[in-house]
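If you use my numbering, the sequence shown corresponds to residues 2 to 74, in order.
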Amino acid sequence: MQTNIVFIGTVGLGKTHLACALIAKACEKRKNALFNPSVSMINEFIDARKYGTLSKAIKRSLRCDLLAIYKPG
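So this is what it looks like as structure tokens:
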């Protein structure tokens with residue numbers, strides 16, 4: 002079963018801390034986790050599209066058990 006969680010709030014509420022805690026717990030359970038800044042992920046997809054490998058890049062991101070995308074600052 003797939004579950005999606007979105008943390009929304011102002012700076013300093015602990016959104017990143019909660020995401021890191023979920024990732025740590027997933028890793029303890031031998032799950033694959035990816036923690037990516039949104040800008041890096043978007044740039045990766047832009048580059049992949051330019052080189053004709055967008056589908057592969059998307060699949061690589063979705064292959065993990067836990068994907069955390071965060072917006073710094």
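Glycine included, C-beta positions come from ideal geometry on N, C-alpha and C. None of these values were measured; they are calculated from a predicted model.
Query: Selection from 13, 34, 3 that minimises the alpha carbon distance to residue 73; Result: 13
Query: Span separating the alpha-carbon of residue 29 from that of residue 63; Result: 20 Å
Query: Three-state class that DSSP yields for residue 36 in the structure shown; Result: strand
Query: Start-to-end residues for the alpha helix (DSSP H) that takes in residue 14; Result: Run containing residue 14: none; DSSP gives neither H nor E here.
Query: Cβ contact check for the segment 49-68 and the segment 31-38: 3 or more pairs under 8 Å; Result: yes
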